[in-house]
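Just so we're aligned: 64 in numbering that gives the first Met the number 0 is position 65 of the sequence shown, and the numbers increase by one with no gaps anywhere. No residue lacks a Cβ here, since even glycine has one placed at the ideal position from N, Cα and C. Reading through the structure tokens given below for one structure.
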Amino acid sequence: MRYWIETLGCPKNHVDSEKLAGMLVSQGYDVAVSASEADLVVANTCAFIEAAREESIETVLELADVKRPAARLVVTGCMAERYGAELAAALPEVDLVAGFGESLTSNVASTAVSLRRRPTTDFDLLNLPRPATTAPWAYVKIAEGCDRRCGFCAIPSFRGDQRSRSTQDILAEARALVAGGVKEIVLIAQDLASWGHDRRRGALGEAVEVLDEGGTQPLIELTRALSSEVERVRLLYLYPSGLTVGLIDTILSTGVPYFDLSLQHSSRPLLRAMRRWGDGERFLERIALIRAADPDATFRSSFILGYPGETEDDQRHLLEFLEAAQLDWAGFFTFSDEDGTFAHELGDHVPHELALERLREASELQDAITAVRRDAVVGTNQRVLIDAPGVARSVRECPEIDGIVMVDPTLRVGSFVDVHIVASHGTDVEGVAI
Ligand code: SF4
Numbered sequence: 000m001r002y003w004i005e006t007l008g009c010p011k012n013h014v015d016s017e018k019l020a021g022m023l024v025s026q027g028y029d030v031a032v033s034a035s036e037a038d039l040v041v042a043n044t045c046a047f048i049e050a051a052r053e054e055s056i057e058t059v060l061e062l063a064d065v066k067r068p069a070a071r072l073v074v075t076g077c078m079a080e081r082y083g084a085e086l087a088a089a090l091p092e093v094d095l096v097a098g099f100g101e102s103l104t105s106n107v108a109s110t111a112v113s114l115r116r117r118p119t120t121d122f123d124l125l126n127l128p129r130p131a132t133t134a135p136w137a138y139v140k141i142a143e144g145c146d147r148r149c150g151f152c153a154i155p156s157f158r159g160d161q162r163s164r165s166t167q168d169i170l171a172e173a174r175a176l177v178a179g180g181v182k183e184i185v186l187i188a189q190d191l192a193s194w195g196h197d198r199r200r201g202a203l204g205e206a207v208e209v210l211d212e213g214g215t216q217p218l219i220e221l222t223r224a225l226s227s228e229v230e231r232v233r234l235l236y237l238y239p240s241g242l243t244v245g246l247i248d249t250i251l252s253t254g255v256p257y258f259d260l261s262l263q264h265s266s267r268p269l270l271r272a273m274r275r276w277g278d279g280e281r282f283l284e285r286i287a288l289i290r291a292a293d294p295d296a297t298f299r300s301s302f303i304l305g306y307p308g309e310t311e312d313d314q315r316h317l318l319e320f321l322e323a324a325q326l327d328w329a330g331f332f333t334f335s336d337e338d339g340t341f342a343h344e345l346g347d348h349v350p351h352e353l354a355l356e357r358l359r360e361a362s363e364l365q366d367a368i369t370a371v372r373r374d375a376v377v378g379t380n381q382r383v384l385i386d387a388p389g390v391a392r393s394v395r396e397c398p399e400i401d402g403i404v405m406v407d408p409t410l411r412v413g414s415f416v417d418v419h420i421v422a423s424h425g426t427d428v429e430g431v432a433i
């Protein structure tokens, strides 16, 4: 029997797909060369915003077209979790809509794989083995769900409250990845900086077991422990209030001074309407503190344009913030009105066209800043990890999200090489081995 998994959405979903693949392999499945050759075709969907949902539906319909008539088509992931009954009714082409609490290989719902609830067995999706990777880097998901309730975000409504994996499970997965040739681990979770807090509270009724030697933030000790096992540890999705001085020091000490800050906006009134912490001034203070300790630190963030109630003053504030922050990388998204969120009940919606115009304005400004930041790397020496023939990354570039370092295609994949950066081409730079 052969399977095919098509994955939509964010890196977190890609990790889920790898775990599903690991589970199917353990059940005797082999990976197919294409969806049209498989006996089991799985669409792991994304429900984050309207555009992602549309893409997920299109993908399901395409898979229904190309699959063999006898093959089973299963829809799982966030859309299945959030709109299971509606999807099953609307898509007769699909054999099974399986939330994360259900088995993919039978029509009978089981508790075999569960992300949402407290696991009732050890067979928990987060802790499933994963197939060997060909790239020298890998995402490791260290928690699922989120305890926050940001105004625009529906994730907690279908992924539930935060459930952190144990230190032991995370280290075991990291060691297996390193043994398979991985040189860089990218830690992900919905709210990474809060990892371990739920276990510390013992809210799940489980042993409170997190590395917490300093009596502070559990993520600090986890990051230290991981960085003694693998050359690079990169942290994504840091909620700004979780970026404590201790965590900053730890990140800097790992040798990967990369800060992915989940900021969303800079205007204080708008952030409060989003039910989020902080404001532009505090964010700038934090960035300045980090740059004072390491002028080469790299920053990424993402921002929402067109949140209900957003004014021209808010937009001006954001543009001034971007100018002052000089982030290396940033992503911009228009607000997506999601059922069941706090923002859904707010009036004063911003017309989509206006949100798009504000997005273009912010993107253009940031593109220019990113270009200057990339030009500044020219003339420096960087240690890069060769991801694929001709494709490498220094600590400044996160895989799949940022630009790359173009290198000689004969350099060995999986090796670290010191290069001199000789040119920049938009978001990418070019390096020559030294
Ligand atoms: S921290 Fe992230 S995942 Fe959690 S509610 Fe806010 S936006 Fe959603």
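Taking the continuous alpha helix (DSSP H) assigned at residue i, which residues delimit it?
{"i": "LEU410", "result": "It is not in any alpha helix (DSSP H) - LEU410 carries neither H nor E in the DSSP assignment."}
{"i": "GLY466", "result": "Coverage of the chain is limited to positions 0 through 433, which leaves residue 466 absent and any answer about it impossible."}
{"i": "SER362", "result": "351-374"}
{"i": "ARG233", "result": "Not the alpha helix (DSSP H): ARG233 falls in the beta strand (DSSP E), residues 231-234."}
{"i": "VAL394", "result": "From DSSP, VAL394 is part of no alpha helix (DSSP H); its letter is neither H nor E."}
{"i": "ASP427", "result": "Where ASP427 is concerned, there is no enclosing alpha helix (DSSP H), although the beta strand (DSSP E) it sits in stretches over 427-432."}
{"i": "GLU220", "result": "217-226"}
{"i": "SER252", "result": "244-252"}
{"i": "PRO268", "result": "267-272"}
{"i": "ASP146", "result": "Element bounds for ASP146: n/a, residue is neither H nor E."}
{"i": "HIS196", "result": "196-200"}
With DSSP collapsed to three states, give me the class of residue i.
{"i": "LYS140", "result": "strand"}
{"i": "GLY277", "result": "coil"}
{"i": "PHE258", "result": "strand"}
{"i": "PHE151", "result": "coil"}
{"i": "ILE48", "result": "coil"}
{"i": "GLY305", "result": "coil"}
{"i": "GLY330", "result": "strand"}
{"i": "LEU39", "result": "strand"}
{"i": "LEU67", "result": "First, the amino acid is wrong: residue 67 is Arg here, not Leu. ARG67: coil per DSSP, three-state reduction."}
{"i": "ARG129", "result": "coil"}
{"i": "THR58", "result": "helix"}
{"i": "GLU5", "result": "strand"}
{"i": "LEU237", "result": "strand"}
{"i": "VAL73", "result": "strand"}
{"i": "VAL416", "result": "strand"}
{"i": "HIS424", "result": "strand"}
{"i": "PHE157", "result": "helix"}
{"i": "PHE298", "result": "strand"}
{"i": "VAL32", "result": "coil"}
{"i": "ALA192", "result": "helix"}
Only counting the same chain, and skipping five residues up and downstream in sequence, which positions put a Cβ closer than 8 Å to that of residue i?
{"i": "CYS152", "result": "CYS145, GLU337, THR340"}
{"i": "ARG1", "result": "TYR28, ASP29, VAL30, ALA31, GLU36, ALA37, ASP38, LEU39"}
{"i": "ILE250", "result": "THR222, LEU234, PRO256, TYR257, PHE258"}
{"i": "ARG411", "result": "ILE385"}
Hey, does residue i have any beta-carbon neighbour from chain D nearer than 9 Å?
{"i": "ARG158", "result": "Annotation note: the requested chain D is absent from the structure, which comprises a single protein chain."}
Starting from the C-beta of residue i, find all residues in its chain whose C-beta is less than 7 Å away, skip the five residues before and the five after it, and write them out in chain order.
{"i": "ALA70", "result": "ALA37, ASP38, LEU39, VAL40"}
{"i": "ASP94", "result": "ARG71, LEU72, VAL73"}
{"i": "VAL431", "result": "VAL418, HIS419, VAL421"}
{"i": "GLU54", "result": "LEU7"}
Report all residues from its chain with a CB closer than 6 Å to the CB of residue i; omit the five preceding and five following residues, and keep chain order.
{"i": "GLU92", "result": "ALA63"}
{"i": "SER491", "result": "For residue 491 there is no data in the structure shown, the boundaries of the chain being 0 and 433."}
{"i": "ALA46", "result": "ARG52, CYS77, MET78, ARG81"}
{"i": "ALA142", "result": "GLN161, SER163, ALA188, TRP194"}
{"i": "ARG299", "result": "ASP259, TRP328"}
{"i": "THR253", "result": "SER226, VAL232"}
{"i": "PRO10", "result": "TYR138, ILE187"}
{"i": "HIS348", "result": "PRO307"}
The beta strand (DSSP E) that contains residue i, what's its start and end?
{"i": "ARG164", "result": "Unbroken run through ARG164: none, as it is neither H nor E."}
{"i": "ILE385", "result": "380-387"}
{"i": "GLU319", "result": "Not the beta strand (DSSP E): GLU319 falls in the alpha helix (DSSP H), residues 311-324."}
{"i": "GLU17", "result": "First-last for GLU17: 10-25, but that is the alpha helix (DSSP H), not the beta strand (DSSP E)."}
{"i": "VAL93", "result": "Where VAL93 is concerned, there is no enclosing beta strand (DSSP E), given that its DSSP letter is neither H nor E."}
{"i": "LEU186", "result": "183-187"}
For residue i, count neighbouring Cβ atoms within 10 angstroms of its own Cβ and tell me buried if that reaches 16, exposed if not.
{"i": "GLU280", "result": "exposed"}
{"i": "ILE420", "result": "buried"}
{"i": "GLN381", "result": "buried"}
{"i": "ALA173", "result": "buried"}
{"i": "GLY425", "result": "exposed"}
{"i": "LEU237", "result": "buried"}
{"i": "ALA291", "result": "exposed"}
{"i": "ARG200", "result": "exposed"}
{"i": "PRO217", "result": "buried"}
{"i": "PRO135", "result": "buried"}
{"i": "GLU183", "result": "buried"}
Using a Cβ-based criterion (distance less than 8 Å to any ligand heavy atom), does residue i qualify as near the ligand GTP?
{"i": "ASP197", "result": "Absent from the structure shown: the ligand GTP. Ligands present: the ligand SF4."}
Segment contact flag, the stretch 320-327 with the stretch 346-356, C-beta cutoff 8 Å, min 3 pairs: The stretch 320-327, when compared against the stretch 346-356, does not touch it at the 8 Å Cβ threshold.
Cβ contact check for the stretch 79-90 and the stretch 15-35: 3 or more pairs under 8 Å: By the Cβ test, the stretch 79-90 is not in contact with the stretch 15-35, since fewer than three Cβ pairs between them sit closer than 8 Å.
Cβ contact (3+ pairs, closer than 8 Å) linking the stretch 401-419 and the stretch 364-384: With the cut-off at 8 Å, the stretch 401-419 and the stretch 364-384 touch.
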